[in-house]
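Mapped onto my numbering, the consecutive letters of the sequence shown carry residue numbers 436 to 710.
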Amino acid sequence: MHRVIKEIQGYRFTICKAFLITIAIIAVPALSASLIRIRDIGWRPVMGIHIFIAVVLWSFAFLRNRIPYVYQAGFIVFMFLAIGVGGLYQFGLIAGGIVFLTAAAPIATIFFGGRTGIAILVFSLLCAALFGVFTVSGGLLHDFDIASYALAPSSWLTSVFGWALTSTALTVSLHVFNGKLIKALIISQERADELNEQKLILQQTIAEKEKALTEIRTLQGIIPICSYCHRIRSDEGAWSRLEAYISKHSEAKFSHSICPECEVRARKDLGLEAE
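What follows is the structure in structure tokens.
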């Protein structure tokens with residue numbers, strides 16, 4: 436069991452490093468597209484989050500072989516949550532970062548399992564619901580023209596790169612995961628075939644030994660026999676004829692005949708021959 440868990444962790448680490456490299460490459464044009472929006476809507480706090488995440492992301496990608504798995508995977512989940520929540524708070528339903536919030540739960544499931552994935556999913560839905568209530572009730576207002584922002588080329592460019600980053604990262608992760616899964620299934624099938632072959636060999640060996648034991652079945656030990664009638668006493672105390680006892684405890688069978696000396700003695704006992 437420990438070996439299986441270790442192999443799963445190894446698969447996850449491989450997926451994590453491939454994920455980091457992929458998003459680190461796409462993050463270059465994605466960050467540029469995010470900052471281009473400054474000329475349309477001015478500086479926004481969420482852009483500072485994007486810069487911070489991009490710098491940390493590139494650092495993690497460069498040091499991916501030195502940083503432990505849990506920190507790499509944890510940062511990736513945090514990154515998707517931060518971009519998604521920040522975008523939803525700053526831009527509402529037109530935020531390109533919503534796709535990051537949507538992908539956070541599946542990514543957490545890949546790297547940490549179902550429980551963590553469900554927790555991230557619940558957190559994402561609660562954030563979306565909370566921002567929705569504040570926006571509808573007027574508690575959360577946007578100080579820019581939403582319609583103009585939705586039509587701005589920089590907004591579309593940012594959204595496209597955000598979708599590309601998320602989709603490509605998930606595609607690469609699933610590709611690596613499928614490759615590892617297929618490899619594991621092939622190894623498992625090969626081991627199963629080896630076990631079946633060994634099982635057949637073992638069954639054949641047992642059958643041969645049982646056959647050999649049957650062929651060499653013999654009587655052993657001290658046999659209590661009556662010196663007068665030649666009956667044999669069994670372990671239960673019962674007395675049986677010599678032939679019956681030997682036939683029961685061995686593979687020997689009896690064919691009765693009479694020797695010459697006994698034949699002469701028997702004829703004399705029957706009066707068929709003079710003494």
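The C-beta atom is built at its ideal place from N, Cα and C for all residues, glycine as well. All figures in this text were calculated on a predicted structure; none of them were measured in a lab.
Over what stretch of residues does the alpha helix (DSSP H) that includes I511 continue unbroken? Numbered from its first residue, the sequence shown carries residue 511 at position 76. Where I511 is concerned, the enclosing alpha helix (DSSP H) stretches over 504-526.
For S767, which three-state DSSP category applies? Outside the displayed span of the chain (436 to 710) sits residue 767, for which this structure offers no information.
Could you tell me the alpha carbon to alpha carbon distance between L586 and A604, rounded to whole angstroms? Along the sequence shown, read from residue 1 onward, the residue named residue 586 stands at position 151. Along the sequence shown, read from residue 1 onward, the residue named residue 604 stands at position 169. Their Cα atoms are separated by approximately 27 angstroms.
Nearest to V534 by alpha carbon, out of S594, S669, F558? Taking the first residue of the sequence shown as position 1, residue 534 is located at position 99. It is S594.
For the candidate residues G574, A543, G548, whose alpha-carbon lies nearest to that of S559? To locate residue 559, count along the sequence shown from 1; it is residue 124. Comparing Cα positions, the closest option is A543.
Have a look at E696, I660, L616, A701 and flag the residue whose alpha-carbon is nearest the alpha-carbon of L677. Taking the sequence shown and counting its residues from 1, the one referred to as residue 677 is at position 242. If we check each option's Cα against that of L677, I660 comes out closest.
Could you compute how far the alpha carbon of K634 sits from the alpha carbon of C451? For the purposes of this step, residue 634 is identified with residue 199 of the sequence shown, where counting begins at 1. For the purposes of this step, residue 451 is identified with residue 16 of the sequence shown, where counting begins at 1. Taking the straight line from one Cα to the other gives about 39 angstroms.
Which word fits F569, buried or exposed, when buried means at least 16 other C-beta atoms lie within 10 angstroms of its C-beta? The residue labelled residue 569 in the question sits at position 134 within the sequence shown. With fewer than 16 other Cβ atoms within 10 Å, it is exposed.
Straight-line Cα distance separating I621 from A679: In the sequence shown, the residue the question calls residue 679 occupies position 244. In the sequence shown, the residue the question calls residue 621 occupies position 186. For A679 and I621, the distance between alpha carbons rounds to 60 angstroms.
Compare the C-alpha of A599 against each of G531, A627, A453, A539 and name the closest. In the sequence shown, residue 599 corresponds to position 164, counting from 1. With distances taken between Cα atoms, A599 lies closest to G531.
CA-CA distance, V611 and A453? In the sequence shown, counting from the first residue as 1, residue 611 sits at position 176. In the sequence shown, counting from the first residue as 1, residue 453 sits at position 18. Distance between the alpha carbons of V611 and A453: 8 angstroms.
Within a Cβ cutoff of 7 angstroms, which residues of the same chain sit near I476, ignoring the five residues on either side of it in sequence? Within the sequence shown, residue 476 is the residue found at index 41, counting from 1. Closer than 7 angstroms at Cβ, skipping near neighbours: F579, Y584.
Go ahead and pull the three-state DSSP assignment for R479. Mapped onto the sequence shown, residue 479 falls at position 44. Coil.
Please list the terminal residues of the continuous alpha helix (DSSP H) segment that includes I542. To locate residue 542, count along the sequence shown from 1; it is residue 107. It spans 533-547 - the alpha helix (DSSP H) in which I542 sits, taken as one unbroken run.
Cβ shell of I720 (< 8 angstroms), same chain only, five flanking positions each side left out: What is shown of the chain runs 436 to 710, which leaves residue 720 out entirely.
Return the chain-ordered list of same chain residues with a C-beta closer than 6 angstroms to the C-beta of I518, the five sequence neighbours on each side being excluded. Locating residue 518 in the sequence shown gives position 83, counting from the first residue. Closer than 6 angstroms at Cβ, skipping near neighbours: G532, F535.
Assuming K615 and T449 form a contact by the criterion Cβ under 8 angstroms, report the distance between their Cβ atoms to the nearest whole angstrom. Here the question's residue 615 lines up with position 180 in the sequence shown. Here the question's residue 449 lines up with position 14 in the sequence shown. At roughly 7 angstroms, the Cβ-Cβ gap stays under 8 angstroms, so K615 and T449 are in contact.
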